[in-house]
Amino acid sequence: MKIDPKLDTFPKLLMNRKVLSPDSPAIREKDFGIWQTWNWAHVCDEVRNLACGLAAAGFRRGDKLAIVGDNRPRLYWGMAAAQCLGGIPVPLYQDSVVQEMEYVINHADVRFALVEDQEQVDKVLELAPKCPKLEQIYYDDPRGLAHYTPKNLHTYDSLIEDGVKFNAGNPGYLDSEITKGSKSDISVILYTSGTTGFPKGVILTYHNILATVINSIEFDSLTEKEECLAYLPMAWVGDHIFSYAQSYVAGFCVSCPESGETVLHDMQEIGPTYFFSPPRIFENILTSVLVRMEDATWIKRKMFDYFMGVAKRCGVNILEGRSVNPIDRLLYLIGKVVVYGPLKNTMGFSRMRLAYTAGEAIGPEIFEFFRSLGINIKQLYGQTEASVYITVQTDDKVKPDTCGPPFPGVDVKISDAGEILYKSPGVFKSYYKNPEATLSTRTGDGWVFTGDAGYFDDDGHLKIIDRVKDVGKLNDGTLFAPKFLENKLKFFPQIREAVTFGDGRDYVSAFINVDLEAVGNWAERHNVAYASYQELAANPEVYEMIRTCIEKTNQDLSADSEIAGSQIKRFLILHKELDADDGELTRTRKVRRRIINERFTSLIDALYSDSSRGHIENVVTFEDGRKGTMIADLEIQDVSTFDHMKMAS
Amino acid sequence: MNSTTTPDVQTYETERVREFTKLILEVEGIFVSFGGVKALQDVSFSIFESEIFSIIGPNGAGKTSMLNVISGFYKASAGTISFQGNDRTHASPEQVARMGFARTFQNIALFKGMSTLDNIMTGRIVKVKSNFLKEAFYFPALAQEVEQREYVERIIDFLEIQSIRKTPVGKLPYGLQKRVELGRALAMDPKILLLDEPMAGMNLEEKEDMARFVLDVNDEFGTTVVLIEHDMGVVMDISDHVVVLDHGERIAYGVPDDVRNNKDVIRAYLGEH
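Residue numbers (this note's numbering), protein chains in the order written: chain A, 9 to 657; chain B, 631 to 903.
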């Protein structure tokens with residue numbers, strides 16, 4: 009797809025749509041149970057009137073328009089209208105509480121607000137007295153608002169009416185305003201929901217977004233025939249790119265669901281070809297499928313199980329175009345007719361050409377489930393500061409535990425500390441009114457710190473391991489990511505808790521807590537008698553079992569040259585379960601390393617000596633609150649490690 | 631960002647000013663008895679058009695009996711009821727419904743096997759003007775169906791129950807069934823909406839939702855709402871006038887603030903001191 013470089017802002021692209029494809033659908037919304045569609049010509053006119061309405065109300069270049077609500081066509085149009093006038097839309101999370109909204113509206117110097125309904129109007133009116141710069145408030149859905157009297161509260165329709173009058177009185181005004189826009193102007197300010205401190209306003213220019221979007225359209229060969237569902241918060245950069253920017257550039261139609269609860273149902277009706285979602289949605293879809301299969305008749309269940317087995321065997325290979333033996337291929341074809349097809353239809357995935365998941369790691373089994381059905385779901389690593397794209401999996405080579413190679417136009421490097429840095433045309437201009445944060449996040453020559461630690465595997469795919477502040481180094485310089493290793497260990501049902509050591513040491517070693525339920529079960533079945541956790545934990549056969557688990561983990565780790573050095577060399581099984589009452593875990597069951605280092609010093613020293621036993625004495629708190637001293641002699645075992653070798657994939 | 635202080639400045643007044651002038655329903659000296667039990671004794675009150683009127687009282691006070699008299703299920707042994715100035719004391723439930731009275735029940739009375747949509751559609755029956763010929767042919771029947779469906783979709787949107795449009799109501803949680811029942815009553819496009827304990831058995835959040843819907847119905851459509859409630863808190867917040875019954879007698883009547891401080895009411899709810 010060729011994009012005219014003169015069309016360097018969204019308003020220009022939009023007005024051009026009226027020439028290119030006036031009758032193609034631009035946006036849909038399900039209202040009163042029926043899908044309403046607006047074509048590009050209509051959207052252009054509506055945005056024009058809306059922008060003129062804002063102009064009549066005094067909206068000038070550089071003014072901010074806050075946008076609050078669920079994904080609604082009128083709110084998207086509001087964004088475009090603000091941009092037409094050289095203003096800046098500031099979408100807010102619709103579920104944020106009044107105090108959060110107040111901060112953003114004040115910080116962004118918002119003068120105008122376009123909100124969805126009574127719920128949002130109530131919030132805005134509550135914060136208005138504390139936001140002296142906020143002047144006019146417009147709302148889309150008048151329900152429940154008939155008796156509201158504030159003079160600066162207006163309906164969307166009145167704004168359009170004013171716009172029609174203004175446009176008639178000042179023909180050419182809007183077109184000249186649109187022409188004044190250029191690619192270096194600010195396109196949008198997106199506030200990131202910081203986990204600590206106040207949110208930061210990320211400024212993205214038209215150039216940031218358009219350069220990235222044009223690359224992405226080429227990369228995934230998006231056309232104006234795509235169908236996509238806009239259901240993620242408008243304040244989130246993903247939605248801004250996928251439901252707004254890409255739609256305006258590629259010209260595809262975006263559908264707004266009826267309500268938050270009907271998304272999955274609306275998705276089935278729309279049958280999107282292009283879909284974006286955090287892993288949680290895919291998990292939900294899979295769970296609901298499995299639950300419904302439980303209730304199905306036995307013959308359906310049998311068919312489902314059999315053909316899902318076939319899909320597991322060869323589905324991914326077929327999707328990625330590798331050779332598959334003819335019998336499997338035939339079985340897959342039959343499966344497609346009797347199971348996969350109907351299944352995809354109920355999930356709304358029938359027409360799915362491309363689905364992305366991002367935000368956090370997706371479970372490998374969920375990922376494989378969708379891919380084996382022939383759905384091209386891929387992972388992406390991105391940030392608001394990068395206009396989303398940093399690395400993306402390619403269609404022909406998808407490794408479930410990586411985020412793929414760098415996206416076209418993006419340079420990614422790993423710092424000495426193991427932190428991921430990137431540089432791209434999409435890199436944000438700055439944080440709004442926060443030069444310190446801008447300086448500490450982006451270097452002078454344009455590299456941005458992500459705060460995530462990761463490395464490239466031998467195929468050049470990026471693997472994210474942890475937040476960089478949690479990652480350490482072995483003495484020989486090998487990356488040591490404790491949480492990454494511990495999560496790998498905890499993946500075994502026999503292991504309930506694991507603590508690894510290695511920062512500033514020669515090798516990695518581990519404390520293990522066995523899972524009393526899983527291991528106890530095993531003990532019962534194998535006639536292993538035990539009276540307490542302590543006794544079970546010291547059992548030689550249990551040691552044997554755990555050693556096998558760790559060896560498997562080591563084998564996995566050896567496949568990657570970057571982390572092959574952090575294989576676990578020695579371990580012991582703790583005589584007691586790590587407990588929040590003793591301060592070893594937080595109440596949410598996160599390991600408190602400092603406390604563990606203090607309480608188990610003698611054991612850690614033993615792990616890094618030649619001895620095969622460690623001695624420990626410490627105070628424990630019993631469930632009734634009494635305290636006692638626990639003395640134990642624990643066995644320490646060595647684990648075999650593996651040389652790094654490239655696994656055939 | 632997680633400050634819990636709420637702003638104490640509220641310069642924007644969103645309270646509505648409410649004045650009522652026109653009476654819609656007058657209940658005068660109603661007596662009802664079942665054998666020796668006197669369910670209602672000499673109860674009188676008047677309801678204004680477009681107000682929210684509540685009938686409250688302890689268990690067994692006669693609230694539901696009063697509602698049943700208004701909706702025509704029970705016949706009063708003495709007294710009169712007039713609607714918009716006309717006497718309707720002896721009207722049948724069917725006639726009452728056609729006059730523009732709709733009600734919900736204390737124990738939900740929906741068709742459990744039917745979807746939300748179909749249940750609400752049944753509410754349109756009183757509004758369908760049809761005949762054998764219209765029903766027998768495809769296109770006239772279709773037009774009829776489309777017209778009614780449009781109306782029902784507005785109600786579904788209003789009550790925010792889009793996600794359960796096609797779900798059989800038997801599968802829904804209690805709070806949502808209550809909302810569907812309200813939807814069916816609204817489908818009758820009522821002049822007076824009679825709600826029998828719409829918030830009974832609900833948790834706080836469901837109660838607040840329901841209270842908001844009742845207020846919105848009243849606001850948007852100007853429907854007069856007659857509410858029976860056990861829970862004083864909610865009622866006092868949303869009602870314009872309240873009548874309190876105890877042992878079948880009227881013990882208080884007026885605006886919520888007066889009723890709240892009435893000694894008889896406090897005694898009826900809290901017992902003798």
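Heads up, the beta-carbon is just placed ideally off N, CA and C, and yes, glycines get one too.
How close, in whole Å, do the beta carbons of residue i and residue j come, if the pair is a contact with beta carbons under 8 angstroms?
i: GLY480 (chain A); j: PHE492 (chain A); result: No, GLY480 (chain A) and PHE492 (chain A) are not in contact; Cβ-Cβ is about 11 angstroms, not under 8 angstroms.
i: VAL507 (chain A); j: ILE604 (chain A); result: 6 angstroms
Under 8 angstroms, Cβ to Cβ, is there at least one residue of chain A near residue i?
i: ILE755 (chain B); result: no
i: GLU835 (chain B); result: no
i: ILE786 (chain B); result: yes
i: ASP819 (chain B); result: no
i: ASP867 (chain B); result: no
i: GLU656 (chain B); result: no
i: ASP826 (chain B); result: no
i: GLU838 (chain B); result: no
i: GLU790 (chain B); result: yes
i: GLU649 (chain B); result: no
i: GLU783 (chain B); result: yes
Under the three-state reduction of DSSP, which class applies to residue i: helix, strand or coil?
i: GLN401 (chain A); result: coil
i: PRO334 (chain A); result: helix
i: SER701 (chain B); result: coil
i: CYS139 (chain A); result: coil
i: PRO416 (chain A); result: coil
i: MET638 (chain A); result: strand
i: ILE370 (chain A); result: coil
i: TYR282 (chain A); result: strand
i: ILE581 (chain A); result: strand
i: GLN563 (chain A); result: helix
i: TYR781 (chain B); result: helix
i: GLN276 (chain A); result: helix
i: GLU592 (chain A); result: coil
i: PHE731 (chain B); result: strand
i: TYR538 (chain A); result: coil
i: PRO81 (chain A); result: helix
i: ALA238 (chain A); result: coil
i: GLN102 (chain A); result: coil
Could you give the distance in angstroms between the alpha-carbon of residue i and the alpha-carbon of residue j?
i: GLU558 (chain A); j: GLU592 (chain A); result: The amino acid occupying residue 558 (chain A) in the given sequence is Ile; Glu does not appear at that position. Near 22 angstroms, if we compare the C-alpha coordinates of GLU592 (chain A) and ILE558 (chain A).
i: ASP419 (chain A); j: GLU625 (chain A); result: 52 angstroms
i: LEU122 (chain A); j: LYS159 (chain A); result: 15 angstroms
i: ILE422 (chain A); j: GLU532 (chain A); result: 49 angstroms
i: SER793 (chain B); j: GLU277 (chain A); result: 13 angstroms
i: GLY338 (chain A); j: PHE315 (chain A); result: The sequence given here has Leu at residue 338 (chain A), not Gly. LEU338 (chain A) and PHE315 (chain A): Cα-Cα distance of roughly 12 angstroms.
i: LYS320 (chain A); j: GLU494 (chain A); result: 28 angstroms
i: ASP819 (chain B); j: HIS162 (chain A); result: 29 angstroms
i: GLU570 (chain A); j: ASP467 (chain A); result: 12 angstroms
i: GLN774 (chain B); j: ARG733 (chain B); result: 24 angstroms
i: CYS139 (chain A); j: MET729 (chain B); result: 50 angstroms
i: TRP530 (chain A); j: MET638 (chain A); result: 26 angstroms
i: GLN44 (chain A); j: ILE738 (chain B); result: 35 angstroms
i: ARG300 (chain A); j: TYR768 (chain B); result: 36 angstroms
i: ALA545 (chain A); j: THR561 (chain A); result: 20 angstroms
i: VAL318 (chain A); j: MET360 (chain A); result: 21 angstroms
i: HIS115 (chain A); j: PHE436 (chain A); result: 18 angstroms
i: SER680 (chain B); j: ALA253 (chain A); result: 48 angstroms
i: THR635 (chain B); j: ASP590 (chain A); result: Because THR635 (chain B) sits at a pLDDT of 40, beneath the cut-off of 50, its placement in the model cannot be relied upon, and the following sentence gives the value as read from the coordinates. Between THR635 (chain B) and ASP590 (chain A), the C-alpha separation is close to 35 angstroms.
i: GLN640 (chain B); j: GLU134 (chain A); result: Summary for GLN640 (chain B): the model assigns pLDDT 40, below 50, so the residue's position carries little reliability; its value from the coordinates is reported in the next sentence. So the alpha carbons of these two residues sit roughly 7 angstroms apart.
i: ASP193 (chain A); j: ASP183 (chain A); result: 17 angstroms
Report yes or no: is there a C-beta of chain D within less than 8 angstroms of the C-beta of residue i?
i: SER793 (chain B); result: The structure shown has no chain D; the protein chains it does contain are A and B.
For residue i, decide whether its Cβ has a neighbour in chain B, counting only Cβ atoms nearer than 8 angstroms.
i: GLY636 (chain A); result: no
i: PHE40 (chain A); result: yes
- May I ask you to list, following chain order, the residues of the region 664-695 of chain B that have a beta carbon less than 9 angstroms from some beta carbon of chain A? none
- Contacting positions in the region 140-171 of chain A - beta carbon closer than 8 angstroms to chain B: ARG151, GLY152, ALA154, HIS155, TYR156, THR157 and PRO158
- Message: Counting only Cβ-Cβ distances shorter than 7 angstroms, please list the residues of the region 244-271 of chain A near chain B, keeping chain order.
- Response: GLU266, SER267, GLU269 and THR270
- Task: Return the residues of the region 182-215 of chain A that lie within a Cβ-Cβ distance of less than 7 angstroms from chain B, sorted by chain order.
- Result: PHE206
- Item | Residues in the region 845-861 of chain B having any Cβ partner in chain A nearer than 9 angstroms | LEU845, ASP846, ASP849 and GLU850
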